[in-house]
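Numbering (this note's numbering), first residue to last: 4 to 535.
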Ligand SMILES: NC(=O)C1=CN([C@@H]2O[C@H](COP(=O)(O)OP(=O)(O)OC[C@H]3O[C@@H](n4cnc5c(N)ncnc54)[C@H](O)[C@@H]3O)[C@@H](O)[C@H]2O)C=CC1
Ligand SMILES: O=C(O)C(=O)COP(=O)(O)O
């Protein structure tokens, strides 16, 4: 039974869902904050469910020898070293919509809090001061709201802003004019947004490109008295620059939910009169927490139990419905890759994957990942569908995909063509209704060959006596041949043989075979023929 660790505070709904779906679960909501303790036990788990408190570093990933999936019950995955997870073949998934309304509402709440100084007035009133003249606010209506990052959350904030009769302008490199007009916002460049906004709200992910987006230079371009809201990530703002601008009055107020360093128990922003802070509460409503807990538990269980992949950051999605249909073809793609990977001994330069007929309509991204995993595995044993594309890229392999209509007798097939330093190799295969992968063409030679666990692949000129020769050498050395497949391109041309064996082909017999002048090449092959 797969086992999952929940290392941050999550609704207990998640725990129940894991259990209901056949996943063992340990709920240790405080362990995420204890790096050492977490590293000590992480190798016991197949899955890790987190929020933002657990930092999944490369070090932790290296200690997680059994980990297959990291599930973020929320949106931002900047606390996970995704390249390190991908290299180790670990899927990283999130719940991209579960808390977006809640977070957008928090941004709007902070905007009102700033406009009317509600938190400060609240403290003063509780203290019995009745400072009616101290707290003069500003109206929201008619003001310009600048939304930086108009994705899921940004666009909800934008439409709420429109509803509040604000003039909403947005900067997002991926925002189309059509989408902007659908939302009722004006699409502008960043500098224009800085120059025109009365309120600026940030909704981009934290990446190397967005880090320090709001620094002294950006602030200098803003209107005097601008109010800034950050419910995205602390690293988007250079806090020291913001503090200076708040002190000088250039920035009139800041609503800050997220900090450069969290948990933020001290910050230069604390104690400033015009700053409203919350401790990363953007996603903290009962509704959002139920949503994300339920979703992540479902997604992680579906992956661990059924192989379905959804909302993965580093792997193509495979729905629970398509998983059973796709599985045999994933196996096929993997064995095609494994065949070529085992016979290729020099550096691979280019890979072309052709999807013919029905296979062209399948989830070809997943099939490509599987083919690459098979191809690379002879060199790197623990590669899988998550890590294979990244490894292929790191090795400079040029990848191309071709899709075409049914072109032959098969409903559909996959052909893998691999160009290495010395030569080009090609292999094609398909699955029939028995769901078993079959080789249908090797080296341009047609055949119909099942995939065996232990095989021997030989090439030779098409001359009489090869079958006898192979049989004699194997027989003399006590190697049992379970089955035999032959093919040739034309009489007297190139021929190939596939021998199905009960055990790995013995190295000394291989030597003898290779020394025989009638055999051009002989290569033992091993395939994982476990259930598709
Ligand atoms: N405070 C909290 O508790 C929460 C914070 N978040 C944060 O909010 C972020 C945004 O979430 P979503 O809207 O769901 O993500 P999203 O991916 O739907 O939207 C992000 C948008 O930012 C845009 N973008 C990327 N780089 C940009 C740049 N340099 N300038 C302007 N726009 C850029 C993208 O094109 C995209 O449209 C998350 O990455 C997360 O860090 C999310 C949920 C809760
Ligand atoms: O979903 C996100 O990106 C969030 O920032 C929410 O963080 P949390 O789950 O509340 O630690």
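Using N, Cα and C, we set each Cβ at its ideal position, and we do this for glycine too.
Limits of the alpha helix (DSSP H) - the one that residue i falls within
{"i": "residue 440", "result": "Note, residue 440: premise wrong, no alpha helix (DSSP H); beta strand (DSSP E) at 440-445."}
{"i": "residue 180", "result": "180-186"}
{"i": "residue 392", "result": "390-397"}
{"i": "residue 303", "result": "289-304"}
{"i": "residue 244", "result": "242-251"}
{"i": "residue 235", "result": "Note, residue 235: premise wrong, no alpha helix (DSSP H); not H, not E."}
{"i": "residue 43", "result": "38-44"}
{"i": "residue 477", "result": "469-479"}
{"i": "residue 220", "result": "219-223"}
{"i": "residue 334", "result": "325-346"}
Any non-hydrogen atom of ligand 2 closer than 8 Å to residue i Cβ
{"i": "residue 106", "result": "yes"}
{"i": "residue 154", "result": "no"}
{"i": "residue 277", "result": "no"}
{"i": "residue 295", "result": "yes"}
{"i": "residue 55", "result": "yes"}
{"i": "residue 387", "result": "no"}
{"i": "residue 11", "result": "yes"}
{"i": "residue 287", "result": "yes"}
{"i": "residue 102", "result": "yes"}
Proximity of residue i and residue j at Cβ, strictly below 9 Å
{"i": "residue 253", "j": "residue 222", "result": "yes"}
{"i": "residue 164", "j": "residue 141", "result": "no"}
{"i": "residue 419", "j": "residue 374", "result": "yes"}
{"i": "residue 170", "j": "residue 145", "result": "yes"}
{"i": "residue 527", "j": "residue 459", "result": "yes"}
{"i": "residue 377", "j": "residue 326", "result": "no"}
{"i": "residue 17", "j": "residue 297", "result": "yes"}
{"i": "residue 36", "j": "residue 66", "result": "no"}
{"i": "residue 413", "j": "residue 490", "result": "no"}
{"i": "residue 52", "j": "residue 303", "result": "yes"}
{"i": "residue 74", "j": "residue 50", "result": "yes"}
{"i": "residue 156", "j": "residue 200", "result": "no"}
{"i": "residue 312", "j": "residue 94", "result": "yes"}
{"i": "residue 270", "j": "residue 242", "result": "yes"}
{"i": "residue 428", "j": "residue 358", "result": "no"}
{"i": "residue 97", "j": "residue 393", "result": "no"}
{"i": "residue 291", "j": "residue 105", "result": "yes"}
{"i": "residue 213", "j": "residue 114", "result": "no"}
Supposed close pair residue i, residue j - CB separation, criterion 8 Å
{"i": "residue 532", "j": "residue 456", "result": "5 Å"}
{"i": "residue 122", "j": "residue 279", "result": "5 Å"}
{"i": "residue 260", "j": "residue 285", "result": "5 Å"}
{"i": "residue 461", "j": "residue 506", "result": "So it is not a contact: roughly 17 Å between Cβ atoms."}
{"i": "residue 338", "j": "residue 454", "result": "5 Å"}
{"i": "residue 64", "j": "residue 42", "result": "So it is not a contact: roughly 10 Å between Cβ atoms."}
{"i": "residue 391", "j": "residue 400", "result": "So it is not a contact: roughly 10 Å between Cβ atoms."}
{"i": "residue 232", "j": "residue 202", "result": "7 Å"}
{"i": "residue 511", "j": "residue 92", "result": "At roughly 35 Å, the Cβ-Cβ gap does not stay under 8 Å, so residue 511 and residue 92 are not in contact."}
Near ligand 1: residue i beta-carbon under 8 Å from a heavy atom
{"i": "residue 127", "result": "no"}
{"i": "residue 236", "result": "yes"}
{"i": "residue 272", "result": "no"}
{"i": "residue 77", "result": "yes"}
{"i": "residue 191", "result": "no"}
{"i": "residue 141", "result": "no"}
{"i": "residue 176", "result": "yes"}
{"i": "residue 212", "result": "yes"}
{"i": "residue 157", "result": "yes"}
{"i": "residue 266", "result": "no"}
Nearest to residue i (by Cα), restricted to the options the options
{"i": "residue 431", "options": "72, 22, 342 and 330", "result": "342"}
{"i": "residue 352", "options": "422, 295, 41 and 500", "result": "422"}
{"i": "residue 331", "options": "250, 346, 523 and 417", "result": "417"}
{"i": "residue 20", "options": "522, 294, 397 and 355", "result": "294"}
{"i": "residue 469", "options": "443, 524, 510 and 444", "result": "524"}
{"i": "residue 592", "options": "428, 7, 41 and 356", "result": "Residue 592 lies beyond the stretch modelled for the chain, which goes from 4 to 535, so this question has no answer here."}
{"i": "residue 496", "options": "502, 511, 515 and 463", "result": "463"}
{"i": "residue 236", "options": "209, 519, 250 and 220", "result": "209"}
{"i": "residue 368", "options": "399, 340 and 333", "result": "333"}
{"i": "residue 486", "options": "492, 479 and 502", "result": "502"}
{"i": "residue 184", "options": "158, 271, 439 and 399", "result": "158"}
{"i": "residue 76", "options": "124, 13, 213 and 201", "result": "13"}
{"i": "residue 5", "options": "321, 443, 306 and 415", "result": "306"}
{"i": "residue 411", "options": "402, 444, 270 and 429", "result": "444"}
{"i": "residue 220", "options": "193, 205 and 80", "result": "193"}
{"i": "residue 478", "options": "99, 25 and 515", "result": "515"}
Start-to-end residues for the beta strand (DSSP E) that takes in residue i
{"i": "residue 420", "result": "415-423"}
{"i": "residue 352", "result": "351-360"}
{"i": "residue 488", "result": "484-491"}
{"i": "residue 457", "result": "457-464"}
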